[in-house]
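Asker: The sequence shown begins at 7 in my numbering and counts up one residue at a time.
Each residue gets a CB set at the ideal place from its N, CA and C atoms; glycine is no exception.
In this text the structure is predicted, and so the values were computed from the model without any measurement.
Could you have a look at this structure, given as structure tokens, before my questions?
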Amino acid sequence: MVIKKPQFKFQRKIIIATALLSFFATTFLFAQESKPEEQVQVKNYFTHNQGEQILIYQTIQWQPANLVKYYIVKLETLTETKEWIPYEAKLAPKELLEQENTEEGKNNNQETENKSTAVSLQETEYLGDGLYKTTDTKLTVSLFAKENGMPQKYRYTITLYNLLGHPGFTTEPMEFEVRKAYIPKITDISKQIIYLDSLYDGNISIRGENLMDSTQIYLVDGLRRQYPLSVDFNDEETKADIIFDQEKFDIGNWQLRAENLGGFKAEIPLIIKFIKWYDLNLSFGYAPQLVLYDGTIKEFFGTNFIPLAFDLKISYYPIKRRFGNFGFGLGIKADRLSTDYDGYNLSSNFFTGSLLAFYRLPIIQRKLYVEIRGGGGVTLVQGLHFKFPHNLKSEPFNSMYFSAQAGTSVAYTIWQGLYLEAGADFTATFIPEMPTMNLSPIISIGWSF
């Protein structure tokens with residue numbers, strides 16, 4: 007059908023042309039002496055724009071039978087007096103059919119097969135009296151609802167002609183109805199970009215045409231879909247106020263889609279992302295250590311507590327999602343242990359460097375975070391020596407051992423990128439015959455770049 011665009015602001019764009027998919031998208035499986043069996047739903051229409059006009063074509067489709075030269079399709083419509091009469095419908099132009107089949111082939115990775123189908127489509131012709139002759143297995147025509155907007159009933163039968171040109175089998179009449187189709191249009195959206203690391207809500211408004219109670223609104227990004235909690239349409243069907251669950255928003259180049267009955271869609275972009283696609287954090291703090299396992303430290307130094315200790319952390323988060331940020335970085339701990347005994351002093355430095363994986367969960371966006379980290383590295387024992395009176399010293403002992411580290415902390419932003427952090431790390435150092443395990447509470451200050 008030919009449709010003109012509306013001339014007034016609130017005029018409804020009505021397209022009298024689409025069949026119920028459950029009736030019209032039907033596939034028949036039959037041979038010359040068999041009956042119709044399974045029915046398979048497929049997309050049974052396509053639209054075509056010609057300047058300010060919109061044309062909609064629907065397709066009756068069936069599977070091929072053996073030893074068939076051609077098919078005759080009889081199309082009828084039901085009158086107001088409940089009488090079935092032949093119906094002459096507008097056939098889809100050949101070039102549009104070829105274009106549609108080529109596009110369908112690309113979508114289904116069957117371009118070669120569909121190109122050959124497009125050739126057979128050129129042999130469809132109208133014979134008069136509601137009869138259509140075709141060597142293809144589908145008939146594409148334009149059908150209409152009633153002028154008053156009520157559904158219009160149609161039916162069709164398919165007759166197979168064998169290789170000698172004689173009729174071999176005729177299906178039972180298949181009825182369907184055509185209803186009005188409303189093509190939605192979205193002209194404006196209240197939010198074009200949503201930043202997940204700023205204050206936002208899930209309220210979105212759109213303006214357009216044919217936005218009605220039966221319109222389905224949702225967000226789509228590839229295979230991902232998100233449906234709203236509620237949608238409120240105005241009486242003029244030109245605006246929709248939509249509420250999404252903001253906790254389910256995630257980054258992506260989303261399309262807000264309005265879909266009307268018959269599968270007619272309109273879309274408008276909605277980008278959801280972070281202001282910064284990455285985070286880079288640097289922190290430094292006080293981190294005394296408590297030796298939990300192995301008594302060697304206490305035996306030599308007289309204590310399990312190392313008060314002179316510091317922690318440096320660098321973390322880089324290149325992956326940011328609604329459910330948390332993922333990254334990697336470096337953790338460095340520096341400890342100084344020294345004790346005095348009668349007649350000598352024992353001292354040493356300990357350095358632990360670890361490559362860490364980080365996970366950071368925002369509790370309050372841009373304010374409060376919980377971090378979990380873990381990884382492995384090495385612990386250096388540097389300058390372990392005895393010092394005796396008269397400036398006598400033993401040879402310093404230096405060594406390196408593998409270590410593992412895991413920890414967690416809470417960070418609170420106090421001003422722009424400046425934050426305070428409190429947490430704890432557990433470190434295991436694999437020293438032969440004397441493995442050690444330390445717990446290190448940490449309080450630090452950091453900056454997020």
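#1: By the 10 Å Cβ neighbour count, where 16 or more other Cβ atoms means buried, how is ILE337 classified, buried or exposed?
#2: Do GLY452 and SER289 have their CB atoms nearer than 8 Å?
#3: By the 10 Å Cβ neighbour count, where 16 or more other Cβ atoms means buried, how is VAL46 classified, buried or exposed?
#4: Report buried or exposed for THR193, applying the criterion of at least 16 other Cβ atoms within 10 angstroms of its Cβ.
#5: Using a 10 Å radius around the Cβ and a threshold of 16 neighbouring Cβ atoms, would you call LYS326 buried or exposed?
#6: Where TYR51 and GLN64 are concerned, what is the direct C-alpha to C-alpha distance, given to the nearest angstrom?
#7: Would you give the residue range spanned by the alpha helix (DSSP H) that PHE307 belongs to?
#8: Between the C-alpha atoms of LYS254 and ILE210, what's the straight-line distance to the nearest angstrom?
#9: For a test of the three-state rule: what should DSSP assign to PRO275, helix, strand or coil?
#10: Beta-carbon within less than 6 Å of PHE455's beta-carbon, same chain only, minus the 5 sequence neighbours each way: which residues are those?
#11: What does HIS391 pair with, by DSSP beta-bridge criteria?
#12: Which residue from ASN240, MET218, PHE392 puts its Cα closest to that of THR270?
#13: Hey, how far is the Cα of ILE223 from the Cα of ALA264?
#14: Can you list, in chain order, the residues of its chain with a C-beta nearer than 6 Å to that of TYR375? Leave out the 5 residues immediately preceding and following it.
#15: Is the beta carbon of LEU276 closer than 8 Å to that of GLN198?
#16: DSSP on GLN82, reduced to helix/strand/coil?
#17: Tell me the rounded alpha-carbon separation between PRO92 and LYS191.
#18: Beta carbon of LEU73, beta carbon of LEU169: below 8 Å?
#19: Looking only at C-alpha atoms, which of ILE274, ASP247, GLN252, LYS245 sits nearest to GLN259?
#20: Closest to LEU149 by C-alpha separation, out of LEU137, GLU183, LEU166, would be which residue?
#21: On the CB-based measure, 16 or more other CB atoms within 10 Å of its CB, does PRO234 come out buried or exposed?
#22: Are the CB atoms of SER354 and SER409 within a distance shorter than 8 Å?
#23: If you measure between the beta carbons of ILE281 and ASP203, is that distance less than 8 Å?
#24: Would you list the one or two residues that DSSP bridges to ALA428?
#25: Find out if the Cβ-Cβ distance for the pair PHE432, LEU386 is shorter than 8 Å.
#26: Apply the 10 Å Cβ neighbour rule to GLN295 and answer buried if 16 or more other Cβ atoms are within range, or exposed otherwise.
#27: Spatial neighbours of ILE420 within its chain, please: C-beta separation below 8 Å, excluding the five flanking residues on both sides.
#28: Quick one: what's got a C-beta closer than 6 Å to LEU102's C-beta in the same chain, skipping five residues either side?
#29: Which residues share a DSSP beta bridge with PRO313?
#30: Do you know how far the Cα of ILE189 is from the Cα of ASN154?
#31: Where does GLU439 fall in DSSP's three states?
#32: Report the option in ALA412, TYR407, GLY389, GLN411 whose CA atom is closest to the CA atom of GLU401.
#33: Please name the residue, chosen from SER415, ASN444, TYR407, that lies closest to PRO438 on a Cα-to-Cα basis.
#34: Based on DSSP bridge pairs, tell me the residues matched to LEU374.
#35: Using the C-alpha atoms, what's the distance from SER405 back to ALA412?
Answerer: In short, the structure shows the following:
#1: Numbered from its first residue, the sequence shown carries residue 337 at position 331. The displayed chain sequence assigns Gly, not Ile, to residue 337. Looking at its Cβ environment, which holds 16 or more other Cβ atoms inside 10 Å, GLY337 is buried.
#2: The residue you call residue 452 lines up with position 446 of the sequence shown. The residue you call residue 289 lines up with position 283 of the sequence shown. Yes; because the gap between Cβ atoms is below 8 Å, this pair is in contact.
#3: Counting from one through the sequence shown, the residue named residue 46 turns up at place 40. Unreliable placement is indicated for VAL46, whose pLDDT of 37 sits below 50; the coordinate value is still reported in the next sentence. By the neighbour-count rule (16 or more Cβ atoms within 10 Å), VAL46 is not buried but exposed.
#4: Translated into positions along the sequence shown, residue 193 becomes position 187. In the assembly as shown, THR193 is an exposed residue. Its beta-carbon has fewer than 16 other beta-carbons within 10 Å.
#5: For the purposes of this step, residue 326 is taken as residue 320 along the sequence shown, with counting starting at 1. Buried, because 16 or more other Cβ atoms sit within 10 Å of the Cβ of LYS326.
#6: Translated into the one-based positions of the sequence shown, residue 51 becomes position 45. Translated into the one-based positions of the sequence shown, residue 64 becomes position 58. One alpha carbon belongs to TYR51, the other to GLN64, and they sit about 4 Å apart.
#7: Residue numbering aside, residue 307 sits at position 301 when the sequence shown is read from its first letter. Residues 302 to 307.
#8: The residue given as residue 254 occupies position 248 in the sequence shown. The residue given as residue 210 occupies position 204 in the sequence shown. The alpha-carbon atoms of LYS254 and ILE210 are separated by roughly 14 Å.
#9: For the purposes of this step, residue 275 is taken as residue 269 along the sequence shown, with counting starting at 1. Three-state result, PRO275: strand.
#10: Along the sequence shown, one-based indexing puts residue 455 at 449. Contacts found: LEU286.
#11: To locate residue 391, count along the sequence shown from 1; it is residue 385. The partner list for HIS391 (beta bridge, DSSP) reads SER353.
#12: Sequence index remark: in the sequence shown, residue 270 carries index 264 (1-based). Here the sequence assigns Phe to residue 270, which means Thr is not the residue at that position. Closest option to PHE270, Cα to Cα, is MET218.
#13: Your numbering for residue 223 matches position 217 in the sequence shown. Your numbering for residue 264 matches position 258 in the sequence shown. Straight-line Cα distance between these residues: approximately 5 Å.
#14: What you label residue 375 is simply residue 369 of the sequence shown in a count that begins at 1. These residues qualify, in order along the chain: ARG366, PRO368, ALA417.
#15: As a first step, residue 198 is located in the sequence shown; it is residue number 192 there, counting from the start. As a first step, residue 276 is located in the sequence shown; it is residue number 270 there, counting from the start. Yes.
#16: The sequence position of residue 82 within the sequence shown is 76, counting from 1. A quick correction: the sequence has Glu, not Gln, at residue 82. In the structure shown, GLU82 sits in a strand (DSSP, three-state: E or B).
#17: The residue labelled residue 92 in the question sits at position 86 within the sequence shown. The residue labelled residue 191 in the question sits at position 185 within the sequence shown. Spanning the alpha carbons of PRO92 and LYS191 requires a straight line of approximately 36 Å.
#18: If you number the sequence shown from 1, residue 73 lands on position 67. If you number the sequence shown from 1, residue 169 lands on position 163. A contact, by the Cβ cut-off of 8 Å.
#19: For this step, residue 259 is matched to residue 253 along the sequence shown. Before going further, note that residue 259 is Asn rather than Gln in the sequence given. Nearest of ILE274, ASP247, GLN252, LYS245 to ASN259, Cα basis: ILE274.
#20: On the sequence shown, residue 149 is found 143 positions in, with the first residue counted as 1. Closest option to LEU149, Cα to Cα, is GLU183.
#21: Looking up residue 234 in the sequence shown gives position 228. With 16 or more Cβ atoms within 10 Å of its Cβ, PRO234 is classed as buried.
#22: What you label residue 409 is simply residue 403 of the sequence shown in a count that begins at 1. What you label residue 354 is simply residue 348 of the sequence shown in a count that begins at 1. For SER409 and SER354, no; Cβs fall outside 8 Å.
#23: Position 275 of the sequence shown, counting from 1, holds the residue named residue 281. Position 197 of the sequence shown, counting from 1, holds the residue named residue 203. Result yes, Cβ atoms of ILE281 and ASP203 sit closer than 8 Å.
#24: The sequence position of residue 428 within the sequence shown is 422, counting from 1. ALA428 pairs with VAL416, ILE449.
#25: Start at 1 with the first residue of the sequence shown, and residue 432 comes out as number 426. Start at 1 with the first residue of the sequence shown, and residue 386 comes out as number 380. In this structure, LEU386 does not lie closer than 8 Å to PHE432 by Cβ.
#26: Counting from 1 along the sequence shown, the entry for residue 295 is found at position 289. So GLN295 counts as buried.
#27: Along the sequence shown, read from residue 1 onward, the residue named residue 420 stands at position 414. If we look at ILE420 and ignore the five residues flanking it on each side, its Cβ neighbours are LEU426.
#28: Against the sequence shown, residue 102 aligns to sequence position 96. Excluding sequence neighbours, LEU102 sits near HIS54.
#29: Locating residue 313 in the sequence shown gives position 307, counting from the first residue. None; PRO313 has no bridge partner.
#30: For this step, residue 154 is matched to residue 148 along the sequence shown. For this step, residue 189 is matched to residue 183 along the sequence shown. In a straight line, the C-alpha of ASN154 is about 18 Å away from that of ILE189.
#31: As a first step, residue 439 must be located in the sequence shown, where it is residue number 433. Three-state result, GLU439: coil.
#32: Walking along the sequence shown from the start, residue 401 turns up at place 395. Of the candidates ALA412, TYR407, GLY389, GLN411, the one whose C-alpha sits nearest the C-alpha of GLU401 is GLY389.
#33: By one-based count along the sequence shown, residue 438 stands at place 432. Distances from the alpha-carbon of PRO438 to those of SER415, ASN444, TYR407 put TYR407 closest.
#34: Sequence index remark: in the sequence shown, residue 374 carries index 368 (1-based). Note: LEU374 sits in a beta bridge opposite ILE370, TYR418.
#35: In the sequence shown, residue 412 corresponds to position 406, counting from 1. In the sequence shown, residue 405 corresponds to position 399, counting from 1. Put simply, the backbone Cα of ALA412 is about 23 Å away from that of SER405.
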